[in-house]
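*Asks:* Residue 5 is where the sequence shown starts when you use my numbering, and the numbers rise one by one after that.
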Amino acid sequence: MSAPGNERRAVVVEDDEDVRSLIEFTLTSQGFEVRSVDTGLAGVEAVGTFDPDLVTLDLGLPGIDGIETCRRIRETSDVYIVMITARDEEIDRLIGLETGADDFLSKPFSPRELQARVNALFRRPRRTTASSEAEATSAAPPALSNEVLDHGPLKVDVDGRRAFKGGTELSLTRTEFDLLTELMRTPARVWTREALLRSVWGTDWATDTHLVEVHVGNLRRKLGDASSLVHTVRGVGYRMEAR
Ligand code: CA
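Quick look at the structure:
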């Protein structure tokens with residue numbers, strides 16, 4: 005599953021000791037080296053010093069809350085962020101996604117649910133060559149292939165995980181980048197929200213199509229005047245304008 009010799013690190017931001025222990029236990033058993041903190045400010049600092057691959061971020065925290073913490077982490081990092089929310093925090097959860105969280109999980113959750121979300125995130129293509137080596141059995145030469153997608157003013161360097169508009173690099177989260185790549189690979193294809201959930205998040209959590217809507221909205225904002233290339237197909241989903 006994970007590439008051998010590729011140590012993964014996680015920062016857990018959670019003020020509830022029981023939940024924190026559960027997350028620590030779950031991630032440790034998935035092979036993560038875990039650093040735990042109980043405030044948002046400590047979380048921002050830990051992301052800076054520990055350089056994690058994953059952050060789990062409680063929404064309700066003392067001091068700055070999970071939303072502000074997420075915003076500050078996103079100023080410097082495109083680390084995967086899973087927001088942990090209580091059931092009565094749905095509106096806050098949406099704001100959390102708008103500030104750049106990649107996925108969310110509602111309390112109470114089981115270790116299995118957390119593992120499934122984390123596995124789905126890490127199945128996505130990564131910049132590291134280690135994951136290419138793991139796929140070296142395929143016919144394509146690993147690490148040498150360099151898929152570049154062009155569409156109007158937009159350009160995506162898939163393997164380098166960089167996106168440009170009119171020659172200027174866009175600052176996208178991993179999730180926004182993956183969404184844009186999927187859409188640009190298949191211009192004119194109509195994507196249902198469920199299909200994008202499966203393809204980008206690796207899941208078909210039926211009720212979570214909000215994830216897609218919020219992240220497409222974030223992506224569009226960052227695309228600015230090129231956002232019109234991403235069409236909403238009313239009642240269905242999205243498609244990239246045909247070339
Ligand atoms: Ca809390």
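For each residue, glycine too, the CB sits at the ideal point set by N, CA and C. Nothing here was measured: the structure is a model prediction, and the numbers come from that model.
Grab the span of the beta strand (DSSP E) containing A167 for me, first residue to last.
*Replies:* As a working note, residue 167 is residue 163 in the sequence shown. A167 -> beta strand (DSSP E) spans R166 to K169.
*Asks:* Please look up how many angstroms separate the CB atoms of T43 and P66, rounded, as I've assumed it's under 8 angstroms.
*Replies:* Here residue 43 corresponds to residue number 39 of the sequence shown, with the count starting at 1. Here residue 66 corresponds to residue number 62 of the sequence shown, with the count starting at 1. Right, the Cβ-Cβ distance comes to about 6 angstroms (below 8 angstroms), so this counts as a contact.
*Asks:* Is G44 near ligand 2, judged by its Cβ being under 6 angstroms from some heavy atom?
*Replies:* Looking at this structure, you won't find ligand 2 anywhere; what it does contain is ligand 1.
*Asks:* Can you give me the start and stop residues for the alpha helix (DSSP H) that F29 sits inside?
*Replies:* Reading the sequence shown from its first residue, position 25 is the one you call residue 29. Note, F29: alpha helix (DSSP H), E21 to S33.
*Asks:* So T185 packs on V162, CB below 8 angstroms; how close in whole Å?
*Replies:* On the sequence shown, position 181 is the one that residue 185 refers to. On the sequence shown, position 158 is the one that residue 162 refers to. T185 to V162, Cβ: 6 angstroms. Contact.
*Asks:* Thinking just about the alpha-carbon of each residue, which of S231, N222, L227 and A246 is nearest to the one in L101?
*Replies:* Working through the sequence shown from its first residue, we reach residue 101 at position 97. Among S231, N222, L227 and A246, the Cα nearest to that of L101 is on N222.
*Asks:* Counting C-beta neighbours from all protein chains within 10 Å, is the total for S232 16 or more, i.e. buried, or is it exposed?
*Replies:* For the purposes of this step, residue 232 is identified with residue 228 of the sequence shown, where counting begins at 1. Under this definition S232 is an exposed residue.
*Asks:* Does the beta-carbon of I77 have 16 or more other beta-carbons within 10 angstroms, so that it is buried, or is it exposed?
*Replies:* Walking along the sequence shown from the start, residue 77 turns up at place 73. With 16 or more other Cβ atoms within 10 Å, it is buried.
*Asks:* Return the residue from the list R202, V237 and R165 that minimises the CA-CA distance to N150.
*Replies:* Position 146 of the sequence shown, counted from the first residue, corresponds to residue 150. Selected option, being the one with the closest Cα: R165.
*Asks:* Express the C-alpha separation of Q119 and Q297 in angstroms, rounding to a whole number.
*Replies:* Residue 297 is absent from the structure shown; the chain starts at 5 and stops at 247.
*Asks:* Using a Cβ distance threshold of 8 angstroms, determine whether the stretch 110 to 119 contacts the stretch 200 to 207, with at least three qualifying pairs required.
*Replies:* Verdict: no, contact absent.
*Asks:* Could you check the C-alpha separation between A138 and A105 for me, to the nearest Å?
*Replies:* Taking the sequence shown and counting its residues from 1, one reaches residue 138 at position 134. Taking the sequence shown and counting its residues from 1, one reaches residue 105 at position 101. The pLDDT assigned to A138 is 42, lower than 50, so where the model puts this residue is not dependable, and the model offers no usable value.
*Asks:* Relative to ligand 1, what is the chain-ordered list of residues with a Cβ closer than 6 angstroms to any of its non-hydrogen atoms?
*Replies:* Counting every residue whose Cβ lies closer than 6 angstroms to a heavy atom of ligand 1, we get D19, D20, D62, G64 and L65.
*Asks:* Could you tell me which residues DSSP pairs with W205 in its beta bridges?
*Replies:* Within the sequence shown, residue 205 is the residue found at index 201, counting from 1. For W205, which the question treats as bridged, DSSP gives no partner whatsoever.
*Asks:* May I have the straight-line CA-CA distance separating M244 from G64, to the nearest angstrom?
*Replies:* Walking along the sequence shown from the start, residue 244 turns up at place 240. Walking along the sequence shown from the start, residue 64 turns up at place 60. The straight-line gap from Cα to Cα measures roughly 37 angstroms.
*Asks:* Where F29 and R39 are concerned, what is the direct C-alpha to C-alpha distance, given to the nearest angstrom?
*Replies:* The residue labelled residue 29 in the question sits at position 25 within the sequence shown. The residue labelled residue 39 in the question sits at position 35 within the sequence shown. Each residue's Cα considered, the two are about 12 angstroms apart.
*Asks:* Among H219, L31 and G171, whose alpha-carbon lies nearest the alpha-carbon of V122?
*Replies:* Counted from its first residue, the sequence shown places residue 122 at position 118. Measuring from the Cα of V122, the nearest candidate turns out to be L31.
*Asks:* Which same chain residues, not among the five before or five after F54, have their C-beta less than 7 angstroms away from its C-beta?
*Replies:* On the sequence shown, residue 54 is found 50 positions in, with the first residue counted as 1. Hits under 7 angstroms: R13, V15 and R39.
*Asks:* Pick out the complete beta strand (DSSP E) segments inside the stretch 59 to 121, 3 residues or longer, and give them in chain order.
*Replies:* Runs found: 84 to 90 and 107 to 111.
*Asks:* Measure the C-alpha to C-alpha separation of T73 and L26 and round it to an integer number of angstroms.
*Replies:* On the sequence shown, residue 73 is found 69 positions in, with the first residue counted as 1. On the sequence shown, residue 26 is found 22 positions in, with the first residue counted as 1. Distance between the alpha carbons of T73 and L26: 21 angstroms.
*Asks:* Restricting to Cα atoms, I'd like to know which of R225, E94, V51 and A199 is closest to S175.
*Replies:* For the purposes of this step, residue 175 is taken as the residue at position 171 of the sequence shown. Ranking the options by Cα distance to S175, first place goes to R225.
*Asks:* Short of 8 angstroms in beta carbon distance, which residues of its chain neighbour L158, apart from the five on each side in sequence? Order them along the chain.
*Replies:* By one-based count along the sequence shown, residue 158 stands at place 154. The answer, listed in chain order, is A167, F168, K169, L184, M188, L227, A230 and L233.
*Asks:* Check whether the Cβ atoms of L58 and Y84 sit closer than 7 angstroms, and answer yes or no.
*Replies:* Residue 58 sits at position 54 when you count from the first residue of the sequence shown. Residue 84 sits at position 80 when you count from the first residue of the sequence shown. Yes.
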